[in-house]
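Take a look at the structure set out below.
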Amino acid sequence: MLIVACIKQVPDTTQVKIDPITNTLVREGIPFIMNPYDTHALEAALQLKDRFGCRVAVLSMGPPNAEATLRKALSAGVDRAILLSDRCFGGADTLATSKVLASAIQRLNDTVEPVGLVICGKQTIDGDTAQVGPGIAVRLGYQQLTLVDKVEELDLATRRLVVSRKLEGRHERVAAPLPAMLTVVREINRPRYPTVPMRLAAATAQVEVWNNEILKLDTGTVGLKGSPTWVSKIFSPERDKGELLGDGINDPSGAVQLLMDKLLEKDLLPL
Amino acid sequence: MTPTPSIFAPIFIAATALFLWSCWKRLSLTALGRTDNRLHDIGQRIGDTLAYAFAQRRVLAKPSGLIHLAIFWCFLVLMVANAEFLLHGLFPAISFSSLPDGLFGPVLQIIDAVSLITLAAVTAAAIRRAVAPPYPEARTFEAFFILMLIAVLMLASFGVNAAKISAMPPTTQQIARELLPISGWFVPYIPVEQSKLIHDLSWWVHALVLLLFMNLLPLSKHFHIITAIPNIFLRRLEQPALPEKEQFTAGNRFGIDRADAYTWKELLDAFSCTECGRCQNDCPAHATGKPLNPRQVIHNLKLNLLKNGSSLKQGNAPLQPLIGEGAGSISEEAIWACTTCGACLESCPVFIEQMPKLIPLRRHLVEMESKFPEELLNLFENMEGRSNPWGIAPSERGKWATLLGERPFEAGTTEYLFYVGCAGSFDSRAKQVTLALAQLLDKANVSWGILGKDELCCGDSLRRLGNEFVFDKLATQNVALFKEQGVKKVIVQCPHCLTTLKNDYRQYGIKLEVIHHSQLLLHLVQDGRLTLPRQAKELGSLLYHDSCYLGRHNGIYDEPREALALAVGTAPKEMERNRENGFCCGAGGGRMWMEEFTGERINLVRVKEALQQQPDTVCTACPYCLTMFEDGLKDLRQDEQVRVKDIAEVLAEAVLRPPPPA
């Protein structure tokens, strides 16, 4: 049985700025990371590999530089890393993205090994939609188990799985037949730290690239063309500029006095 | 049984062969280790050997060392006497009596006196070990047995001499008693008719005990009698001890998980340990109840070698793991407990390197097995992803300087790079130190600049924690940046940055002139570039705490003290353990980022020691020490009474605050 983990390369959002004129993310000089939730999806897949000996493939749709993130997955111990990259996949919304991912999973299922589980992070930190995982499940007709914080049972013989879902204020225990798509929350595990030999091996390992010549999707249904959702504007919420009170370096007590006066004036001190 | 060569020679040959075989069996194990050139700088090595082996400089650091010094020198003299004794037993023609008259008398007198001193010294050593042992477990049978054997040797030698004198005619007896006055004390107790019997008996006791003693050496901690002097001669001369650089190519193994991966000299250390316990008594981890004991680390390495020796020699896998539980293994908990403070290195009389043996074990755990305390996962990821321990955005690094205006380091123009470090850039308390220092530098018209967001963490914690892979990345990038910017002189406010940039980075092909702010500030005051219009009396009595990486690792003890003395007019108070004997704050070696679950907290022990001196202000020279002291004072609810200031802040009080109105 093959387990597929879907991961995404995202900009490190603590370091992201938005260009006020174009309303787009300023990507220059911003480091990319593996979407933090996806690191847990990857770990969940690897733990099942450790327990049941399943093979793990990792998929990512993105530009060619997303290869770096797939190498990270290789250093963690996945068997196969595939980058889904084609110009016509660009500008995709969650619908178009899930189509490409689902098509790649189907291809793995048909040509390599039957897929039993697809594991995704619960959402990405750049888009925050949490729609791609469910989208994949729908398109493939897999059972959909979101917000999983524990895989309680997995029976490969009966092809059945029991998971715990972390909901607001309660947990839900759900059983489902395979194949299934899980999205996982941070609490599910602690991602492993790759060993140096694994990192070195991953640095030279093969990251396969599947473009649309391989997936053969109708170009009208993928990428920008296949995306009914359009981002009309991205903006940072306006924030009032602060005010520098006094000279904190040479006259700290004066500066504190000014601050106290200001706080009292605005009635912000709980007196 | 008259001592005749025909009986003695076979016994002697068998005993010597056994002794040599035992020595070979152990010493040949050191050949399993990797190569390491320890024969350079012979002149310095000879000097060190004279100072530390023959003058016993480190042994004498404690009063009880005097007993050891006496035994050591007596041994050297008695080696001559025993050589004569053994040779005489084999070849009766060889004897001191064939020496010229002018030499014969003094030689006998010296040996006689030295035998008495030895007897007194071993008695004192036994009493000391019984009454006030260096550590409780030191009262071993072996220790007392060896001391007893030495005492028996002395008494037997007196017996041999006294019996000889007793058998002499009265006139010769008088001369003999002048030559051997101590042995002479025993003569009246020996009936003339039994002198032959007592002589022979004493002779055989002396001979057999000597051979037994010799054979016990390699089997016990007393092997140090043979290995300690070479171990001092072969000591590591480079200070501080730097971990080896690793080559990150596929197929290599990283770190150490078996004894034969150490160098031969590191394995010789295992056979040179005297089990004196100085390292364990000075170790902050051991002193606060952690499972790390530097003496046991070395002892377990020895046991591991002995257990695995024959297997390793045949090229097989070790039978006993080096990292693990039980005798002959070093536990993971012990490996992670080390603060790398270097106290063990400073205290060992024979220059065994305990702490540097632990770093490669950490490397193995991190790099090969990905096994480490879970608190470190975030640290490692933050360091790799954002180049600081907290994972704060790198763009925030230069923000502290906003109040002073942009201060970029400009290649070719700026004299000093102010390498601010992670704490100085991100930690709100340490940022106050950074600001104080920056203002002082401006006041003194020092040409300085920062790298801002391009500065990366120096990687100190990573390297001490064994994450050499990520350290290597950061060091490579930092060094490339320094070279590109033409950085030559660097100011640091953190001793960890200091040691890493100054020492570790030499392995990356850059030799920087790195100056700690306490040194620079002192020089600026001494050169008149900083004037002190007033003394910072409001800080009350100061107490200085030595940072391990400033002090022990880099030998900077005086400048911080002198700078403080100038700022307040009097020398700072000292803690009981200071300078080379300073006690760690608990944050070195990456322990800053780890929980301390076992035993007492190291920083609390140190803070309590500080409070004994009743200071108003504890002065530190390291952002880690600053944090550990402030936390400790808060825990003890003393933070209202005692404050903690960095040296830069103390000087800033004196230099920058306007003088109070007259």
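Chains as they are written, first to last, in this note's numbering: chain A, 489 to 759; chain B, 73 to 734.
For every residue, glycine included, the Cβ atom is placed at its ideal position computed from N, Cα and C.
- Annotated three-state conformation of A:PRO665 is strand, per DSSP.
- Counting C-beta atoms within 10 angstroms of its own C-beta, B:LEU594 has 16 or more neighbours from the protein chains shown and is therefore classed as buried.
- In the structure shown, B:THR88 adopts helical secondary structure according to DSSP, grouped into three states.
- Residue environment for B:ALA86: exposed (fewer than 16 other C-beta atoms within 10 angstroms of its C-beta).
- Taking a Cβ-Cβ cut-off of 8 Å, the neighbours of A:ALA689 in chain B comprise ALA322, given in sequence order.
- Shown here, B:GLN565 sits in coil according to DSSP, grouped into three states, outside any helix or strand.
- Residue contact check for B:MET455 against chain A: no CB pair falls below 8 Å.
- Positions of the alpha helix (DSSP H) runs, each at least 4 residues long and wholly inside the region 333-413 of chain B, are given as 336-344, 350-354, 356-359, 366-385, 404-409 in order along the chain.
- Between the alpha carbons of B:THR321 and B:ALA333 lies a gap of roughly 18 Å.
- For A:ASP616 and B:ALA508, the gap between their C-alpha atoms comes out near 43 Å.
- Between A:ILE737 and chain B, the shortest Cβ-Cβ separation is below 8 Å.
- Contacts between B:LEU507 and chain A, judged by CB atoms closer than 8 Å, involve ILE737 in chain order.
- Around B:GLU441, the beta-carbon contacts reaching into chain A at under 8 Å are THR683.
- According to DSSP, B:TYR488 shares a beta bridge with B:TRP520, B:LYS561.
- The straight-line gap separating the alpha-carbon atoms of B:TYR261 and B:PHE343 is approximately 44 Å.
- Residue state for A:MET522 is assigned as strand, using DSSP reduced to three classes.
- Of all residues in the region 667-680 of chain A, those with a C-beta nearer than 9 Å to a C-beta of chain B are ARG678, PRO679, ARG680, reading in chain order.
- Under the 8 Å criterion on CB atoms, A:THR502 is classed as interfacial with respect to chain B.
- Burial state of B:GLN686 is exposed, judged by a 10 Å Cβ sphere holding fewer than 16 other Cβ atoms.
- Interface with chain A (8 Å Cβ-Cβ cutoff): B:LEU162 is excluded.
- For the region 456-471 of chain B, the set of positions with a beta-carbon nearer than 9 Å to some beta-carbon of chain A reads GLY457, ARG458, GLY463, ILE464, ALA465, PRO466, SER467 in chain order.
- Here the alpha carbon of A:THR683 sits roughly 56 Å from the alpha carbon of A:ASP749.
- Per the Cβ contact rule, the region 391-407 of chain B is not in contact with the region 104-121 of chain B (fewer than 3 Cβ pairs under 8 Å).
- Rounded to whole angstroms, the gap between the alpha carbons of B:GLN181 and B:SER229 is 13 Å.
- B:PHE498 is outside the set of residues whose beta carbon lies under 8 Å from a beta carbon in chain A.
- Under a criterion of Cβ atoms nearer than 9 Å, no residue of chain B is adjacent to A:ILE593; the nearest Cβ is some 29 Å distant.
- For the region 519-534 of chain A, the set of residues with a beta-carbon nearer than 8 Å to any beta-carbon of chain B comprises PRO519, ILE521, in chain order.
- Contacts with chain A at 8 Å (Cβ-Cβ) include B:LEU475.
- For B:ALA552, the enclosing alpha helix (DSSP H) begins and ends at 540-556.
- Under the 8 Å criterion on CB atoms, B:LEU449 is classed as interfacial with respect to chain A.
- If you check each beta-carbon in the region 343-376 of chain B against every beta-carbon of chain A, none falls closer than 7 Å.
- In this structure, A:ASN677 keeps its C-beta atom at 8 Å or more from the C-beta atom of A:GLY609.
- DSSP links A:ARG648 through a beta bridge to A:ASP643, A:PRO665.
- Residue environment for B:LEU309: exposed (fewer than 16 other C-beta atoms within 10 angstroms of its C-beta).
- Residue pairing of B:GLU265 in beta bridges, as defined by DSSP: absent, with no partner found.
- Exclusion of the five residues before and after B:PRO77 leaves GLY161, LEU162, PHE163, PRO164 as the residues of its chain whose Cβ lies within less than 8 Å of its Cβ.
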